[in-house]
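There are 2 protein chains.
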Amino acid sequence: MNLGGIGADLRCHCIQTESKPIGRHIQKIQLIPASSHCSETEIIATLKQTGHEVCLDANAPWVKKVIAKMLAKARKR
Amino acid sequence: MNLGGIGADLRCHCIQTESKPIGRHIQKIQLIPASSHCSETEIIATLKQTGHEVCLDANAPWVKKVIAKMLAKARKR
């Protein structure tokens, strides 16, 4: 899914979001906060095998679960 | 703060975390889940002006607030 050159232009990156739960394929997640370029936070996952980037829907239960699980396993100082 | 060449080696990226609340300086946040290379999720923020990367402590109240606020403003499908 082509995200229209992430970071290349100044609009929102995400056109559509991935509906299938792909939690175990995720190498990392980027949270890009709303800004003058895009009025909504965008959640972009990078996939392990391919390195492809897919947009996630913050409202999808599986996305909330993946992020909560990650934060629960984060380094505590 | 040099993070030891993000992604270059295969250990944890973060050596220390940023204690000062820097929410408004954050351009984006990366959540890197625990893996065979690093047993904990790492939270790495990229700063707006400098593009520098700093590690965040998932337990710090301001970090939780920044992430929650981002997720609340995310695109809903």
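Chains as they are written, first to last, in the numbering used here: chain A, 528 to 604; chain B, 528 to 604. Virtual Cβ for every residue (Gly too), placed ideally from N, Cα, C.
1. So, helix, strand or coil for Lys547 (chain B), using DSSP?
2. Taking 8 angstroms as the threshold (C-beta atoms), are Leu558 (chain A) and Lys547 (chain B) in contact?
3. For the candidate residues A:Gly550, A:Glu567, A:Ala601 and A:Glu580, whose alpha-carbon lies nearest to that of Val593 (chain A)?
4. To the nearest angstrom, how far is the alpha carbon of Gln552 (chain B) from that of Cys541 (chain A)?
5. Are there 16 or more other CB atoms within 10 angstroms of the CB of Ala595 (chain A), so buried, or fewer, so exposed?
6. Relative to the C-alpha of Ala572 (chain B), which candidate in B:Val590, B:Asn586 and B:Pro560 has its C-alpha closest?
7. Comparing alpha-carbon positions, which option in B:Ile570, B:Cys565 and B:Pro560 lies nearest Glu580 (chain B)?
8. Determine, using beta carbons only, whether Leu558 (chain B) comes closer than 8 angstroms to chain A.
9. Note down, in chain order, every chain B residue with its Cβ under 9 angstroms from the Cβ of Ile594 (chain A).
10. Please classify Ala585 (chain B): does DSSP put it in a helix, a strand, or coil?
11. Could you tell me the alpha carbon to alpha carbon distance between Arg538 (chain A) and Cys565 (chain A), rounded to whole angstroms?
12. Starting from the Cα of Leu574 (chain B), find the closest Cα among A:Thr577, A:Pro560 and A:Asp584 and give me that residue.
So, from the data block:
1. Residue state for Lys547 (chain B) is assigned as coil, using DSSP reduced to three classes.
2. The answer is no: Cβ separation not under 8 angstroms.
3. Per the Cα distances, A:Gly550.
4. Before going on, a small fix: residue 552 (chain B) reads as His here, not Gln. The C-alpha of Cys541 (chain A) is placed about 22 angstroms away from the C-alpha of His552 (chain B).
5. Residue environment: Ala595 (chain A) is assigned as exposed (fewer than 16 neighbouring CB atoms within 10 Å of its CB, all protein chains considered).
6. When only C-alpha atoms are compared, the closest one is B:Val590.
7. Per the Cα distances, B:Ile570.
8. At least one CB of chain A lies nearer than 8 angstroms to the CB of Leu558 (chain B).
9. In chain order: Leu558, Ile594 and Leu598.
10. In the three-state scheme derived from DSSP, where H, G and I count as helix and E and B as strand, Ala585 (chain B) is classed as coil.
11. Looking at the two C-alpha atoms, the distance is approximately 6 angstroms.
12. The closest CA to that of Leu574 (chain B), considering only A:Thr577, A:Pro560 and A:Asp584, is found on A:Pro560.
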